[in-house]
Every structure is written in structure tokens, then in C-alpha cells.
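The sequence shown runs 192 to 806 under this note's numbering.
For glycine and all other residues, C-beta sits at the position ideal for the given N, C-alpha and C.
Since we're looking at a predicted model, the values are computed, not measured.
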Amino acid sequence: MTTVATAPGSAHPGDISKNAPTDHQGLLAFVQQIADLTTPAAIHWVDGSEKEYQTLTDELVDAGTLTRLTSPEFPNSFAAFSDPADVARVESRTFICSENERDAGFTNNWVDPEEMRETLSGVFEGAMKGRTMYVIPFVMGHLDAEDPKFGVEITDSGYVVTSMRIMARIGTDVLRRMEQLDAFFVPAVHSVGSPLDEGQEDVPWPCNEEKYIVHFPETREIWSYGSGYGGNALLGKKCYALRIASAMARDEGWLAEHMVILKLTSPQGKSYHLSAAFPSACGKTNLALIDPSLEGWKAETLGDDITWIKPGKNGEFRAINPEAGYFGVAPGTGWHTNANAMRAIAKGNTVFTNCALTDDGGVWWEGMTEEPPAHLIDWQGNDWTPDADRPAAHPNARFCTPIDQTDMLADEYFDPEGVKLDAILFGGRRKTTVPLVTEARDWNQGIFFGATLSSETTAAQEGAVGNVRRDPMAMLPFIGYDAGDYLKHWVEVSSEAEADKLPKIFLVNWFRRGRDGKIAWPGFSENTRVLKWIIERLEGTAEAQETVLGHNPTMDAIDTDGLDISEAELEDSITVRPQEWKEEITGIEEWFDEFGDSLPSSITAELDELKRRVG
Numbered sequence: 192m193t194t195v196a197t198a199p200g201s202a203h204p205g206d207i208s209k210n211a212p213t214d215h216q217g218l219l220a221f222v223q224q225i226a227d228l229t230t231p232a233a234i235h236w237v238d239g240s241e242k243e244y245q246t247l248t249d250e251l252v253d254a255g256t257l258t259r260l261t262s263p264e265f266p267n268s269f270a271a272f273s274d275p276a277d278v279a280r281v282e283s284r285t286f287i288c289s290e291n292e293r294d295a296g297f298t299n300n301w302v303d304p305e306e307m308r309e310t311l312s313g314v315f316e317g318a319m320k321g322r323t324m325y326v327i328p329f330v331m332g333h334l335d336a337e338d339p340k341f342g343v344e345i346t347d348s349g350y351v352v353t354s355m356r357i358m359a360r361i362g363t364d365v366l367r368r369m370e371q372l373d374a375f376f377v378p379a380v381h382s383v384g385s386p387l388d389e390g391q392e393d394v395p396w397p398c399n400e401e402k403y404i405v406h407f408p409e410t411r412e413i414w415s416y417g418s419g420y421g422g423n424a425l426l427g428k429k430c431y432a433l434r435i436a437s438a439m440a441r442d443e444g445w446l447a448e449h450m451v452i453l454k455l456t457s458p459q460g461k462s463y464h465l466s467a468a469f470p471s472a473c474g475k476t477n478l479a480l481i482d483p484s485l486e487g488w489k490a491e492t493l494g495d496d497i498t499w500i501k502p503g504k505n506g507e508f509r510a511i512n513p514e515a516g517y518f519g520v521a522p523g524t525g526w527h528t529n530a531n532a533m534r535a536i537a538k539g540n541t542v543f544t545n546c547a548l549t550d551d552g553g554v555w556w557e558g559m560t561e562e563p564p565a566h567l568i569d570w571q572g573n574d575w576t577p578d579a580d581r582p583a584a585h586p587n588a589r590f591c592t593p594i595d596q597t598d599m600l601a602d603e604y605f606d607p608e609g610v611k612l613d614a615i616l617f618g619g620r621r622k623t624t625v626p627l628v629t630e631a632r633d634w635n636q637g638i639f640f641g642a643t644l645s646s647e648t649t650a651a652q653e654g655a656v657g658n659v660r661r662d663p664m665a666m667l668p669f670i671g672y673d674a675g676d677y678l679k680h681w682v683e684v685s686s687e688a689e690a691d692k693l694p695k696i697f698l699v700n701w702f703r704r705g706r707d708g709k710i711a712w713p714g715f716s717e718n719t720r721v722l723k724w725i726i727e728r729l730e731g732t733a734e735a736q737e738t739v740l741g742h743n744p745t746m747d748a749i750d751t752d753g754l755d756i757s758e759a760e761l762e763d764s765i766t767v768r769p770q771e772w773k774e775e776i777t778g779i780e781e782w783f784d785e786f787g788d789s790l791p792s793s794i795t796a797e798l799d800e801l802k803r804r805v806g
């Protein structure tokens, strides 16, 4: 495999190696190719220093891209406001260009690689004219890991540089380690697609109506054009850490997953590490930053979004968070709902995007405080008061905050080899059918739980309210290859660990409705009680009953001391109803039909077993 992306365009004169701060030949060749193709006005090699950050943010403030916050509540922080047409990931313009269409599978948009390269040749040619081309060496995970995973993002966006500095380890230290190892790196090219003619005035948020977010799994390349928004432009995040990394993990025998990592310590001082996969709006961030409601229990986070799971030297699975920051959805994050996140944000050093501005030089979003301010400037620059008929912040507004500002950050986050993984949770938002918590009988049934993971659409999502959407392992938009092969890889990777050291797998649902139509389980910090039962199952001390679904808690197995919950509400939370699962099987069969012949036979066998049990 080549370490250099094949630039889809003709060469232009100019030798960049004379002024480059590296002798890494693969990197020099890559940068030369992209400079020749995109013809920037200048090239800046990002060193990651504080001085560089100050200079760059000053320039972005002068350009109107960033607004410096003056409120003491947000020290050394900035607000950015995107073009209204560039506010979120664009899945319809996200492509997996595998050499064979079958390898992309039904969950991805596929275009023939050669056809896509020709398209990219057209849009990227001269795309950085009049702009600075930034070269960002970065590493996902730790520099001193046994097998560090490097990338180099080339971008013409200063906003991307400031955000990547928070989200990944970047700069000179990374470059030196790449040179030392003569390392392979993932080549990642990004342009906002807005070249500047001489004398042409720039706009605060340049972008292009035409957008491409393209992945070449075999050559490990990422090409992103037209968008300045985080999920499309911070190429170390979803593009590398999930889509490309999932293909790398398939080839190398590990897992790249859309999961939190949580450390829980019991009153007896025993610690366990859990990862958890949840689709959007299912409580993922709240779990990652949970404040335990049970006395004597302690929670520490290792990450809120992405987990890489690798076989350890002693037959166990080990988990790391490859990111260095949070790129969190701001609306709904508040002092009364997620104080741990707010405490990290309050330490400053944050880039906010599409939040509202307060009159005292701070930011605000819906849910940040229980009462809104009397006056704001909304994310589009207009006056806003509480009686306005529109939100002040965009619903997808973001905070980009260093993870090491988290008070509850576990020390193990800094361990390059990660932590032993004891349990994996799959969770969705379902009004019926799926009970509060179920332990899988074995690894393959746990994969079945993940493969059929589902949520009901809410009013904030596309589609009719209440429709069940399948989202395998919460990875539907992020699997970098065929979904059936992805599930097969989950089955096969268990052979890399000792059977008795595999993490136990649990299915959870905080949102089941009771007989009164209301959510029966109180959720939020009270989910500690479910986590306690899970840990007691790991220890072999918690009671469970065999059901058609798996191992479920008995009525007295979950600690409800001091909890305001009726016996009926608890029963409605935990009861498995076979008739509901008869109906669920129809939806699962329709979902599995979409996989064609790539669905692993072991998953089909689990469906057959479920059918047998429900009768």
C-alpha cells in the first residue's frame, strides 16, 4: 500500500521541500501533489504551538470568522457562525469509493473510484487559489502507542486548524515521531471550495454549494470539498476515526466504534470499564458524563464519542479514545442536565459554532440554563428575545472543548494501551418492546442486539414520529465498508480474545413507556442503578431471570432504595413481553433482507433462536 495519496490532477511547478520542516519523503510528495493541484498562495506547516494558535485566532477574528468572547465565563474562547447552508454533516454527499461496489454495501453511497477521482480533479484544481494551505500532522490516540495511527490533513480553513488542535494531537511532536518511524499516514485533503482572485474580498465563512466527503478505503484516503462544518471538515473525526478506521480495523483485527468509554468504581473500590453505543438523542453524552446517584459509586469518563477496541496481550479486549476533545451538540447541554460537560466548557479554550451571543460577551443555547436571557444575538446575527418564534442557537450548534479539562476524566485516558473492556452496552430509544436492561447470553447474541439496534424517530428527526429506524451498533452513517461484512468482523474478532475475557454485552433502553403513557424509568443519573446491576452481573452476584430475550433483572434485582418509582413503573420498565417481540421479528426480518447474502449465518441463527423462543 502506498503512503501517499494519488492526487487526481496534473502537476504544477514549484518545489515545496526547500522550506518544509521535514524530510519525510512520503509526506513531502503528498504535500507537493496537493500544492500543485490546488495552487494556494502560501503553505503553512502547523506546529501546534500556543504562539501559532494565538496568531491564527487573531487573524480569524480580524477576518470575521471568529468572534472573541469577552465574558469571564468563557476564557480564551471564540464563537464562529457558519453559512446557513453549511450547518451539519451531509450524508447524501458522503461517499465510500471502494474498488468494488459490493464492498461499500447498501448503507453507503458508492461511486467508482476512477470516476470520483476525475470529479475531484475538476473541483480541487485551483481550489485553494488566494488562500493559505495548512499542513496538519496529527495522530489519533497516543504518540507513544505501540502502533500510532497518523494522519495529515491539508486544509485551506483556519477554523479547521483551530478545531483540529483541540480534537487531536497535532504539530511538530507528531511530525518528529512520523519521521522516526518513517510512518504510514492517512492522507486527508480538505478545501472549502472557495478560491480567491487577486483583490477579491473574502467572506467570514467560505464554502461551496457543491460538496463531496469522499473515502477511499483501500488507499486510506479522505477528500472533503465544499464544507467548512466540523463533521465534514475535521477529517480526523468521523472520516478517519470511524469510516477509514473501521476498514483499517477489519484488515488488522480490531474494532473502530461509535461508543463512549466509562469507568465505574464500586464502594468496595473495584473498577470496571464499559463502552456504550447509542444513536443520536438516546442519552449517549449523559452516560459518558454521568453523576452517579448511588452513594459510594464513582464515575470517570474516557470519552464521549469514539472508541477503538483492540485485542490485548493477555487475551482481553482493550479500549482507547482516539480523540483529544469534545465536539458536542450544545443545545440540551446545561448546568441542570450535564454539569460535568458544563464545567469542562467553563474552563475555556473552546470554539463554539452557531450558538447565540449574550450581551455580556458570552454564548448561550437552548437548555444551557433553565431560563433564557432577556436578549441575545442569534446564530444568524439577528436580535432575539424569549418570545421569538425561532431558536437562538442552531439545533446542531457545537462546542469544541479539550477533553483534559474534564474534572471526571479518568487517568487511564492517558494510557496509550487503553483499558481492559468489561462490558459493552447497546441502547436505543423505544417506547415499547425493548426493556430497561438485558444481558446477552453470549457474544453472538450480543452482536445480534447490536445488529438490530433501533430507535423511534422523534419530532426533531426526519420521518414520521414513531417510525423504527435500525442503526447497527449506532454506526449506520459511519461503517466504511459493507454492513454485513462489518457484522461478520464482529463475529470473527472474538477469536482474537479468550472467550472468558470477552466483554459481556447488554441491551438497554432508558425510554420505555409505562401503562400511563409516560417514560417509566427516571433515567439520567439514576441509570447508575442499571450500571450497578450490570457490574453485579459481571461479578456473578446480581439476580436475573431467563426470558425469551436473554437474562433480565428480577423485580428486586435493581437497587431502588431512595428512588421515587412505583412497583408498576418498575415492572413496566423491565418486563419482557413475548407478544411485542413477535411483532418486532417482522421488522428485524425486513431489516436483514437489506443485507442480501452478506449477513453472517450466526446472526441469522440468532434470529431463528428468537423466533423459537417467542413461539
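Extent of the continuous alpha helix (DSSP H) to which residue i belongs
| i | result |
| --- | --- |
| H680 | A674 to V684 |
| P231 | Here P231 belongs to no alpha helix (DSSP H), and DSSP marks it neither H nor E. |
| R807 | Because residue 807 is not part of the residues shown, which for the chain are 192 to 806, the question remains open. |
| Y244 | E241 to D253 |
Exposure label - residue i; buried when at least 16 CB within 10 Å
| i | result |
| --- | --- |
| M358 | buried |
| K709 | exposed |
| N743 | buried |
| A565 | exposed |
| D495 | buried |
| R703 | buried |
| R706 | exposed |
| K501 | buried |
| F469 | buried |
| T261 | exposed |
| T285 | buried |
| E797 | buried |
| H527 | exposed |
Opening and closing residue of the beta strand (DSSP E) in which residue i lies
| i | result |
| --- | --- |
| S354 | Run containing S354: none in the beta strand (DSSP E); it sits in the alpha helix (DSSP H), G349 to M358. |
| I452 | V451 to T456 |
| Y416 | E412 to Y416 |
| L698 | K695 to V699 |
| M324 | T323 to M331 |
| V809 | This structure does not reach residue 809, given that the chain is present from 192 up to 806, and the question cannot be answered. |
| W499 | T498 to P502 |
| L426 | Unbroken run through L426: none, as it is neither H nor E. |
Whole-angstrom distance between residue j and residue i, CA atom to CA atom
| i | j | result |
| --- | --- | --- |
| D206 | H215 | 15 Å |
| L493 | R259 | 30 Å |
| E653 | A537 | With a pLDDT of only 46 at E653, under 50, the local geometry of the prediction cannot be trusted, and the value read off the model is given with reservation. About 33 Å. |
| I497 | L667 | 14 Å |
| Q371 | P328 | 14 Å |
| E401 | S382 | 12 Å |
| T256 | V352 | 13 Å |
| E647 | A472 | 10 Å |
| E734 | P263 | 51 Å |
| A467 | T248 | 35 Å |
Where residue i falls: helix, strand or coil (DSSP)
| i | result |
| --- | --- |
| Q736 | strand |
| F265 | coil |
| H585 | coil |
| D574 | strand |
| R706 | coil |
| N477 | helix |
| S462 | strand |
| E647 | strand |
| I749 | coil |
| P668 | coil |
| R768 | coil |
Residue closest to residue i, alpha-carbon to alpha-carbon, out of the options
| i | options | result |
| --- | --- | --- |
| G618 | L740, A665 and D633 | A665 |
| D569 | T560, E562 and W556 | W556 |
| K679 | F315, E243 and D788 | D788 |
| G321 | D393, R581, A535 and T549 | D393 |
| D676 | R308, L228 and S437 | S437 |
| Y179 | S273, Y431, A588 and P470 | Look at the range of the chain in this structure, 192 to 806, and you will see that residue 179 is not part of it. |
| A588 | I361, I726 and Y420 | Y420 |
| A601 | D613, R581, L453 and C473 | L453 |
| F407 | E401, E400 and S415 | S415 |
| L366 | V314, R728 and T213 | T213 |
| M324 | E344, T310 and H333 | E344 |
| Y598 | L480, E561 and V684 | The identity of residue 598 in the sequence shown is Asp, whereas the question assumes Tyr. Answer by Cα proximity: L480. |
| A449 | D595, K429 and Q459 | For the record, residue 449 in the displayed sequence is His; it is not Ala. Comparing Cα-Cα distances from H449 to each of D595, K429 and Q459, the minimum goes to K429. |
| I765 | E737, L790, H585 and N505 | E737 |
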